Structure formats: C-alpha cells, structure tokens
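What follows is a short report on a single structure.
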Amino acid sequence: MKEPILTFTTRCKELEEHELYTSYHVILENITNTNYNIDKDVRKFGEFLNSKLTIGELKVKYEGDEEYMDIARKVEQFMKDNNLVQYYDLEASHKFEVEDSFNTGKKEGKKEERITRSMEIAKNLLNLNIDLSTIMKSTGLSKQEIMRLQEN
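Numbering-wise, the working numbering comes out as the position in the sequence shown, counting from 1, plus 1453.
This is how it looks when you write it as structure tokens:
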C-alpha cells in the first residue's frame, strides 16, 4: 500500500473534552484515479496537487478560476521563501549523496565480484598448466596477482 502524501487531522467537536482526533489520509494517486467515485472538486484539487506543471503552466491551466489562481500565486510566493529553498536544496543534496553512495557501493561490489571471478578462472587455468601470459590476457590480472594465487 502506498504511503499517504497528505494527512489531515481534525478535532472531533463532540468529544473535544477527550481530545479525540480523526485523521484522513489522502493518496493522490487514488484521487486522480477515475475508477473511484470522487467528488469533482476533490478530484480537481488532487489533480492540482499531483500536477508536475511549473507555476507558469499552472497559471495558464487555471486561468479564470480565481480559487486555483490564488493557490498558484501562494505556491509561487512560498517557493520564493529562501528558507524553504535552502531546505529543499539540502534535502535534494542529501538525496543525491545517498543515491550516489548506493550506486558507488553497487559499482564497487560488481568490481569486487569481477576480480573474484577472474581469480577463480586464473586458479583453474593454473591447475591446467596454462602459461602465465595467457592467464594474464584471459583474466586481466597482473603477473603479481597470479603469482600470489600460485603460492596459495
């Protein structure tokens, strides 16, 4: 199940003295899914939130709809907030670093796997009394690496 992108919590007025709350989880993919029977205004709001459009494109799309134009203007003002932009840049930078570390780890693991496989092949070729230069060409291992294998 997908995680909700938005969670709304409302206070239950009848049970206010007990401080009970009701939460509503919104999964934007479900709002925009036409297979669900969703109020057209809620669907429109979900489409707005799920939109991949730029602020300029949103203004063009919702031209004449003052409510959504107001939201687009507020989003535009919000995006000009330096604290938010700096935070977003830090988050994006952190995400890039995590992905880069993961990809580097994968590459290193594959490299190590290739070296291990080359050493196994070299051992087999040594056992078959294949000459050193052929083993070097076949495996990409250095003379020293093959000699260490021969010693073990």
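Heads up, the beta-carbon is just placed ideally off N, CA and C, and yes, glycines get one too. Given the structure is predicted, the values throughout are model-derived calculations rather than measurements.
When only Cα atoms are considered, glutamate 1482 and valine 1528 end up about 21 Å apart. Collapsing the DSSP output to three states places aspartate 1553 in a helix. Selection Ser1571, Gln1603, Glu1566 and Gln1539 evaluated against asparagine 1582 yields Gln1603 as nearest (Cα-Cα).
Assignment of leucine 1579 by DSSP, reduced to helix, strand and coil, places it in the helix class. Taken atom to atom, the span from the alpha-carbon of lysine 1497 to that of methionine 1532 is near 22 Å. In the DSSP annotation of this structure, threonine 1487 is not part of any alpha helix (DSSP H), being labelled neither H nor E.
In the structure shown, threonine 1592 falls within a helical segment according to DSSP collapsed to helix, strand and coil.
Per DSSP, the continuous alpha helix (DSSP H) segment holding glutamate 1520 begins and ends at 1519–1532.
For the pair glutamate 1566 and threonine 1487, the Cα-to-Cα distance works out to about 47 Å.
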